[in-house]
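Counting in this note's numbering, the sequence shown runs from 4 upward without gaps. The beta-carbon is built from N, C-alpha and C at its ideal position, and this holds for glycine as well.
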Amino acid sequence: MFNLIRKDILLQKTTLLILLPLLVVFLFMENSYVWIGIIFSISIVMNAYSVDEKSASHILLNSLPYTRKEIVSSKYIGTFIFVGSVVFTIFIGNLIIHQEIMMWKDILLIVSSVMVAISLLFPFSYKFKSQYMLIGALVSLAIYLVIIPLFIPNVNDKIREFVQTVLTLQTAQFYLFIALSVMVLYTCSWLLSIHIYRKKVF
4 MFNLIRKDIL LQKTTLLILL PLLVVFLFME NSYVWIGIIF SISIVMNAYS
54 VDEKSASHIL LNSLPYTRKE IVSSKYIGTF IFVGSVVFTI FIGNLIIHQE
104 IMMWKDILLI VSSVMVAISL LFPFSYKFKS QYMLIGALVS LAIYLVIIPL
154 FIPNVNDKIR EFVQTVLTLQ TAQFYLFIAL SVMVLYTCSW LLSIHIYRKK
204 VF
């Protein structure tokens, strides 16, 4: 399975060489590095998945001495590597540019948010093709931009206030609960993706 993870990293080398310096540019613009870290991490992880989406790629992978469990698991483990590279870049960039040390709460928020997003995206991606995921993303975006504001005015401000409230909490038990909940969701998603991929016919 190590070789599968290594393959994903090598295939994403060009993407990382482009996106990580771009990430530093965004830090110069003093944008919220938490939000930037989440977006960049999800983009890199899903781009790594899209490389293997073609049927020919799956046929090749399944002809190699790897089980379908290992193929799926490599994506879930690789997620931590890609998120780690983004968080490390933000940490170093923020330290050099703003002379600030990245708070552990911000790191937890980035990692947890990406894990939740991937927990939802991966099973959907293994079940359906990317064109359906694109349609789903556009519908979700339309709902977020048009329908939700009708029922919840200033939804973006409320989200920002909620995040700030979470970041100001000092209870260690709360963060432990969040971390455990995200890990349970991620593990369930992992098992579900393995189940879906095992039954898939190429």
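Taking 9 Å as the cut-off, the Cβ atoms of K202 and F125 do not count as close.
Take the alpha-carbon of V187 and the one of S115: they are about 11 Å apart. For S46, the enclosing alpha helix (DSSP H) covers residues Y36 to V54. If you draw a straight line from the Cα of K16 to the Cα of V37, it is about 23 Å long.
I199 is positioned such that its CB atom lies no closer than 9 Å to that of G81. The C-alpha of D109 is placed about 16 Å away from the C-alpha of H101. Residue burial annotation: M32 is exposed, with fewer than 16 other C-beta atoms found within 10 angstroms of its C-beta. About 10 Å separates the Cβ atoms of F43 and L19, ruling out a contact at the 8 Å cut-off.
Put simply, the backbone Cα of Y69 is about 7 Å away from that of M4. C-alpha of A175 to C-alpha of L112: approximately 14 Å in a straight line.
Ranked by Cα distance from R71, the first of Y129, I104 and I45 is Y129. Counting along the chain, M106 sits inside no alpha helix (DSSP H), nor does DSSP assign it H or E at all.
For I121, the closest C-alpha among the options L23, I47 and L183 is that of I47.
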